[in-house]
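Peer 1: Residue numbers (full-length UniProt numbering): 1 to 457.
Ideal Cβ placement from N, Cα and C applies to all residues, glycine included.
As the structure is a prediction and not an experimental result, all values here were calculated from the model.
First, the structure itself, so that you have it in front of you.
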Ligand code: ARG
């Protein structure tokens, strides 16, 4: 039975009911709805709507319902209740009879759904924070194991300067650390209880909303009832967090897809996260990574969708706002899955050091070093840049690395070049020199690993 039958003489059209009902997705708020209802029943005691005995009876029944829901959440989907709020109330009335009908005193589904959703978001943020940290830990462990794996670093997807696989891993640790702190910021603004704001104007019962907020684990209660029932900023913020986080994971995926190509051959992905072709027996495709990259799209879509849904909504609650859930649920589920999947990809990845080293050597990644060398010998940088450019053209013509040119050949480009140039052109020296904070020098990378480990401990 609907919660609002009294004013109506005609039943809802079945097609409208299906269009309007939200149970098929908001059943995921069952636990939060029950927990919120228990807190509300306690508040009703303080304003003498319920006696302590009545409240205890309600709480017992709600706790029993909670256990049922936790054991089998999908059972809710059997019902034709309009939404999770009607379902919980209906179940309560089945359990305790008429007493159950008192629970909704002074409460509206508008403050109720806002409360349920915030409680759900808080739990989800905890899960996302955990997964974000786990992926950072996996990246740090991979970095630690690959501190001496030299590979080309790129700009414009052209080999630029040598880096290490460890340094690459730590770049993603930084992105994830920002994702983590964005979630924590979101949590601070989200941690404010809507319960007791009624439909829009506040509740007519003298409830201590701060106390009620505390019972539900919120840091405080909201300040304005009109804003409270129409505020979905936390949905937008979480979707924005997810969108940025997914952009990071998508770039991570794209880098690894490239590293895993036959052309690059820097890594080999584990069989655990790749799949074969139905036609071509030789293939081992990076499906996990492609899906991570691909799923980035739907998450951005959910953010844009919700922005458009809220734009232009008059205060306060409008049914449009029921559209907040499916996109949010899907986006946060997707983000969480992709965080877990990214960690799984790292577990068992093989870095092919000889091939990485070879690519770094072949890419003239030490050209800057030669220019710096000439500068140290008194050649102005602009001139040095030009000289090295000519030397690179010659090395390319011969199909060899710069350091494979003989001293006589190098001297043809500049008389300032001496025997000591070879030590400078060694890849290791390119790395060692970048020893300012944040650089690729082994000392800096080791320091970054230690710091990250401390932070993640
Ligand atoms: N299912 C609704 C939602 O998700 C619950 C709030 C309903 N409120 C109302 N006034 N009809 O937004």
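Here's a check: name, in chain order, each residue in its chain whose Cβ is nearer than 8 Å to the Cβ of residue 70, leaving out the five neighbours to either side.
Peer 2: In the chain shown, the residue the question calls residue 70 occupies position 70. Around residue 70: 31.
Peer 1: Which same chain residues end up closer than 8 Å to residue 465 when comparing Cβ atoms and leaving out the 5 residues on each side of it in sequence?
Peer 2: Shown here, the chain extends from 1 to 457; a query on residue 465 therefore has no answer.
Peer 1: Taking 7 Å as the cut-off, is the CB of residue 317 close to at least one heavy atom of the ligand ARG?
Peer 2: Position 317 of the chain shown holds residue 317. Correct: residue 317 has its Cβ closer than 7 Å to the ligand ARG.
Peer 1: Indicate, with yes or no, if the ligand ARG has a heavy atom lying under 7 Å from the CB of residue 85.
Peer 2: Residue 85 sits at position 85 when you count from the first residue of the chain shown. Yes; taking the cut-off as 7 Å, the Cβ of residue 85 has a heavy atom of the ligand ARG nearer than that.
Peer 1: Taking only the alpha-carbon atoms, compute the straight-line gap between residue 190 and residue 127 and give it to the nearest angstrom.
Peer 2: Taking the chain shown and counting its residues from 1, one reaches residue 190 at position 190. Taking the chain shown and counting its residues from 1, one reaches residue 127 at position 127. Each residue's Cα considered, the two are about 15 Å apart.
Peer 1: When you compare the CB positions of residue 435 and residue 426, do they come within less than 8 Å of one another, or not?
Peer 2: Counting from one through the chain shown, the residue named residue 435 turns up at place 435. Counting from one through the chain shown, the residue named residue 426 turns up at place 426. No; because the gap between Cβ atoms is not below 8 Å, this pair is not in contact.
Peer 1: Return yes when the C-beta of residue 322 is under 7 Å from any heavy atom of the ligand ARG, and no when it is not.
Peer 2: Position 322 of the chain shown, counted from the start, is the residue given in the question as residue 322. Yes, since a heavy atom of the ligand ARG falls inside the 7 Å radius drawn around the Cβ of residue 322.
Peer 1: Tell me which same chain residues have a C-beta within less than 6 Å of the C-beta of residue 119, skipping the five on either side of it?
Peer 2: One-based indexing of the chain shown puts residue 119 at position 119. Answer for residue 119: 32, listed in chain order.
Peer 1: Considering just the uninterrupted stretch of the beta strand (DSSP E) at residue 219, what are its terminal residues?
Peer 2: Residue numbering aside, residue 219 sits at position 219 when the chain shown is read from its first letter. No beta strand (DSSP E) contains residue 219, which DSSP labels as neither H nor E.
Peer 1: How would you write the range of the alpha helix (DSSP H) that residue 36 sits in, first residue to last?
Peer 2: Here residue 36 refers to the residue found at position 36 when the chain shown is read from its first residue. Counting along the chain, the alpha helix (DSSP H) containing residue 36 begins and ends at 30-46.
Peer 1: Could you give the first and the last residue of the continuous alpha helix (DSSP H) run that contains residue 177?
Peer 2: Sequence index remark: in the chain shown, residue 177 carries index 177 (1-based). Element bounds for residue 177: 165-190.
Peer 1: Would you check whether the ligand ARG has a heavy atom nearer than 7 Å to the C-beta of residue 113?
Peer 2: The residue you call residue 113 lines up with position 113 of the chain shown. It does: the Cβ of residue 113 is within 7 Å (strictly closer) of some heavy atom of the ligand ARG.
Peer 1: Under three-state DSSP, which class holds residue 317?
Peer 2: Here residue 317 corresponds to residue number 317 of the chain shown, with the count starting at 1. If DSSP states are grouped into helix, strand and coil, residue 317 belongs with coil.
Peer 1: If we require 4 or more residues per run, which alpha helix (DSSP H) segments fall completely within the region 212-286?
Peer 2: Fully enclosed alpha helix (DSSP H) runs of 4 or longer: 225-230 and 233-259.
Peer 1: Please work out which residues of its chain come closer than 7 Å, Cβ to Cβ, to residue 254, disregarding the five sequence neighbours upstream and downstream, and give them in chain order.
Peer 2: Along the chain shown, one-based indexing puts residue 254 at 254. So the list reads 293, once near-sequence residues are dropped.
Peer 1: Is residue 148 near the ligand ARG, with its Cβ less than 7 Å from a heavy atom?
Peer 2: Indexing the chain shown from 1 puts residue 148 at position 148. It does not: the Cβ of residue 148 is nowhere closer than 7 Å to a heavy atom of the ligand ARG.
Peer 1: Would you kindly report the start and end of the unbroken beta strand (DSSP E) that includes residue 154?
Peer 2: Counted from its first residue, the chain shown places residue 154 at position 154. Start and end: 150-155.
Peer 1: Could you tell me how far apart the beta carbons of residue 462 and residue 329 are, in whole angstroms, since I believe they sit closer than 8 Å?
Peer 2: In the structure as shown, the chain begins at 1 and stops at 457. Residue 462 is therefore absent and cannot be evaluated.
Peer 1: Measuring only the C-alpha atoms, how far is residue 396 from residue 437?
Peer 2: On the chain shown, residue 396 is found 396 positions in, with the first residue counted as 1. On the chain shown, residue 437 is found 437 positions in, with the first residue counted as 1. Residue 396 and residue 437: Cα-Cα distance of roughly 34 Å.
Peer 1: Report back the beta-carbon spacing between residue 162 and residue 360 to the nearest angstrom; my notes put them in contact at under 8 Å.
Peer 2: Start at 1 with the first residue of the chain shown, and residue 162 comes out as number 162. Start at 1 with the first residue of the chain shown, and residue 360 comes out as number 360. The Cβ separation is near 4 Å, so the contact holds.
Peer 1: Give a single yes or no on whether residue 26 has its beta carbon closer than 7 Å to a heavy atom of the ligand ARG.
Peer 2: Position 26 of the chain shown, counting from 1, holds the residue named residue 26. Because some heavy atom of the ligand ARG lies under 7 Å away, the Cβ of residue 26 counts as near it: yes.
Peer 1: If residue 257 and residue 289 are in contact, beta carbons under 8 Å, what's the gap, nearest whole angstrom?
Peer 2: Your numbering for residue 257 matches position 257 in the chain shown. Your numbering for residue 289 matches position 289 in the chain shown. With a Cβ gap of about 5 Å, residue 257 and residue 289 count as contacting.
Peer 1: Could you tell me which of 343, 233, 356 and 376 sits nearest to residue 138, measuring between CA atoms?
Peer 2: The sequence position of residue 138 within the chain shown is 138, counting from 1. The residue with the shortest Cα to Cα distance from residue 138 is 343.
Peer 1: Based on Cα-Cα distance, which residue from 420, 226, 252 and 282 lies nearest to residue 262?
Peer 2: If you number the chain shown from 1, residue 262 lands on position 262. The shortest C-alpha separation from residue 262 is found at 282.
Peer 1: Helix, strand or coil: which one does DSSP assign to residue 496?
Peer 2: In this structure the chain extends from 1 to 457, so residue 496 is not present and cannot be described.
Peer 1: Taking 7 Å as the cut-off, is the beta-carbon of residue 325 closer than that to any non-hydrogen atom of the ligand ARG?
Peer 2: Along the chain shown, one-based indexing puts residue 325 at 325. Result yes, Cβ under 7 Å from the ligand ARG.
Peer 1: Let me make sure I understand the geometry here. Which of 182, 456, 333 and 210 has the alpha-carbon closest to that of residue 195?
Peer 2: Locating residue 195 in the chain shown gives position 195, counting from the first residue. Closest option to residue 195, Cα to Cα, is 210.
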